[in-house]
Amino acid sequence: MLRRFRLEEPQSVTEVSELLGRFGESAKVYAGGTELLLAMKEGLVQYERLINVKNVDGLNQVTADNGTIRIGALCTHHQLETSSVVKQKLAALARLEQNVANVRVRQVGTLGGNLCFAEPHADPGILLLALGANMIAERTASKREISAEVFFVDAYETCLEADEVLTEIRVPVPEGKSGVAYLKFGYLERPSVGVAVALRVDGDGKSIEAAKIAVGCAGPAPKRVPEAEELTKGRGVDEAKTNLSKAGEIAARAAQAISDLHGSQEYKEHIVGVLLKRAFQNALSQC
Amino acid sequence: MSKAMLRAADAQTIPLSFTLNGRLQELAVEPHELLLDVVRERLGLTGAKRSCDVEVCGACTLLVDGRPVSACTMLAFEVRGRSVLTIEGLADNGKLHPLQEAFIQYGGFQCGFCTPGMILAAKALLDENPNPTEDELKHFMHGNICRCTGYKKIIESIMAAAKLMRESRA
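Heads up: the sequence lines are chains A and B, in that order.
Per the numbering used here, the first sequence starts with residue 1317, numbered consecutively.
Per the numbering used here, the second sequence starts with residue 1183, numbered consecutively.
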């Protein structure tokens, strides 16, 4: 059962920001509602007001802009899994989106909502970290660009200010001989471990020029793991592969895995290492 | 006056006009009313079932503008101006849809609780992809759970309906 709440239906980002400023913690932005409404039905959270942002124009488009893919925060998972731009330029993201939850959740749930709700067992944030994405946050009189690396603070917590609205996700298109992979492991629809690897190799494919590694789902928030990246970046492909076990151990610690119904901490740490090796191989094979 | 009554007196209503199984419906809903409750309790169409209540099982699947949604977790006002199809609206003037025929012919159900959701999800799949591979079918349908675990017959039914629908179009 949902408790009674009032609905606000602003038409612009400025109005959304004003409403958030006026009503503070008694109001919450509502987009797809696939996660928020569940928490409200369970009585885990309660709001006097929901601010429906779906009438705000211009937040549900995907556009390619000079080497960057700009994704409106209201784009649904279904839109992203079927977008020709995403499939062509960010194939790893399209594949991830094809496997978010189920067909009904993908139809309604939005990427922006997923990121702002910051549920730990979510796929997109992990890959966006490895892709070097930035989030655009707007409020009444200002706009800022936030690196995915600082966006996620803790479980269910982002760095957004109370009256800030996530409007866009900007993802740089991988350049050169590059490959990107996201792999997850979990029971049914709930990922327990997610690992993303983005690589770029040099012209003759013998060394790793750039590497980004991110982990999530196992712990409170997705994290990039620079120490693991250092073991592969600037190294020959064979040396980098040899270092993957060590990189996996570092990534497993960075994941801050917790023990729960879906596995013990040790088990999830082991899986991080396994997925890291596989994701690395997968990304390398695309280069 | 109790707090609950005060809050009820304060209720916000939203005019809701939408197409339900091809017919215009006009009513007023409160923001917190769920589509499943409106369809089942207010409009009396009980084909869609409340089961897991957390968007996982698919028993409450309805099609909104032809696409599957979990009615258990969709606010009713969201279907303003849209077209909703429930299992009750699938047959055409008493003539069963090929999916319904196939589920009967191939025994695509046991207890039947998941069947309305299964058939509507399968309709969305076949409207989008008339000739799915078995893998594509399983991927699309994996969010519809049959607690009797009678999946083999369900898959056979949908594949048979797909064939029937392709042939009738040809």
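Just so you know, even glycine gets a beta-carbon here, dropped at the ideal spot from N, CA and C.
Quantities reported herein were computed from a predicted structural model and do not represent experimental measurements.
* L1336 of chain A (DSSP reduced to helix, strand or coil) -> helix
* So is G1354 of chain B buried or exposed if we call it buried at 16+ other beta carbons inside 10 Å? -> Since the first residue shown for chain B is 1183 and the last is 1352, residue 1354 of chain B is missing from the structure and cannot be characterised.
* Asked: Mind checking if S1265 of chain B is an interface residue toward chain A, Cβ cutoff 9 Å exclusive?
  -> no
* To do: Kindly list the residues whose CB is nearer than 7 Å to the CB of F1339 of chain A, restricted to its own chain and excluding five residues on each side of it in sequence; keep chain order.
  => R1365
* When we look at the beta-carbon of T1558 of chain A and count the other beta-carbons within 10 Å, is it buried (16 or more) or exposed? -> exposed
* **the region 1358-1377 of chain A in contact with the region 1406-1424 of chain A per 3-pair CB rule at 8 Å** => no
* When we look at the beta-carbon of R1264 of chain B and count the other beta-carbons within 10 Å, is it buried (16 or more) or exposed? -> exposed
* To do: State buried or exposed for T1548 of chain A, treating a residue as buried only when at least 16 other CB atoms are found within 10 Å of its CB.
  => buried
* Going by beta carbon distance, what residues of the same chain come within less than 6 Å of A1512 of chain A, once the five residues before and after it are set aside? -> I1442, L1443, A1446, Y1498 and A1530
* Asked: Buried or exposed: where does M1183 of chain B fall if 16 or more other Cβ atoms within 10 Å of its Cβ makes it buried?
  -> Residue confidence is low: M1183 of chain B scores 40 on pLDDT, short of 50, so the model does not pin down where it sits. Its coordinate-derived value is still stated next. With fewer than 16 other Cβ atoms within 10 Å, it is exposed.
* Asked: Under 9 Å between C-beta atoms, does T1350 of chain A make it to chain D?
  -> You won't find chain D in this structure, because its protein chains are A and B.
* **Where A1241 of chain B meets chain A, residues with beta-carbon distance less than 8 Å** => The premise fails here: A1241 of chain B is roughly 11 Å from chain A at the closest Cβ pair, so nothing lies under 8 Å.
* Asked: Under 9 Å between C-beta atoms, does D1235 of chain B make it to chain A?
  -> yes
* Closer than 8 Å by beta-carbon distance: list the chain A residues that pair up with F1322 of chain B, in chain order. => V1419
* **Top-ranked residue by Cα proximity to N1311 of chain B, from B:I1336, B:M1347, B:R1222 and B:T1228** => B:M1347
* Is P1197 of chain B buried or exposed, if buried means 16 or more other CB atoms sit within 10 Å of its CB? -> exposed
* Report, in whole angstroms, the separation of the C-beta atoms of S1333 of chain A and R1460 of chain A, which I expect to be a contact under 8 Å. => Actually they do not touch by this definition, with Cβ atoms about 13 Å apart.
* Asked: Which residue from A:R1540, A:V1481 and A:L1504 puts its Cα closest to that of G1428 of chain A?
  -> A:V1481
* Give the interface partners of R1322 of chain A over in chain B, defined as CB-CB distance under 8 Å, in chain order. => Q1194 and P1213
* Kindly indicate the opening and closing residues of the alpha helix (DSSP H) around D1470 of chain A. => Here D1470 of chain A belongs to no alpha helix (DSSP H); instead the beta strand (DSSP E) covers F1468 to D1470.
* Asked: Which chain B residues sit within Cβ distance under 7 Å of R1319 of chain A?
  -> H1214
* To do: Tell me, please, whether the CB atom of H1393 of chain A is closer than 9 Å to any CB atom in chain B?
  => no
* Start and end of the beta strand (DSSP E) containing R1516 of chain A? -> R1506 to V1517
* To do: Give me the Cα-Cα distance between V1221 of chain B and I1327 of chain B, rounded to the nearest whole angstrom.
  => 21 Å
* Asked: Out of B:E1260, B:L1216, B:I1340 and B:L1257, which has the shortest C-alpha to C-alpha gap to N1313 of chain B?
  -> B:I1340
* Quick one: does M1187 of chain B have its CB under 9 Å from some CB of chain A? -> Here the model assigns M1187 of chain B a pLDDT of 47, short of 50, so the residue's position is not dependable, and the following value carries that caveat. By this cut-off, M1187 of chain B is not an interface position.
* Asked: Taking C-beta to C-beta, are A1599 of chain A and L1515 of chain A nearer than 9 Å?
  -> yes
* To do: Give the interface partners of V1424 of chain A over in chain B, defined as CB-CB distance under 7 Å, in chain order.
  => V1251 and M1256
* Between the region 1335-1367 of chain A and chain B, which residues of the former have a C-beta closer than 8 Å to a C-beta of the latter? -> G1349, T1350, L1353, L1354, K1357 and L1366
* **Chain-ordered chain B contacts of E1505 of chain A [CB-CB under 8 Å]** => V1238 and G1325
* Which residues in the same chain as Q1207 of chain B place their Cβ atom closer than 6 Å to its Cβ, once the five residues preceding and following it in sequence are excluded? -> F1200
* Interface residues of the region 1289-1314 of chain B facing chain A [CB-CB below 9 Å] -> A1303, A1306 and L1307
* To the nearest angstrom, report how far apart A1273 of chain B and E1212 of chain B are at their CA atoms. => 31 Å
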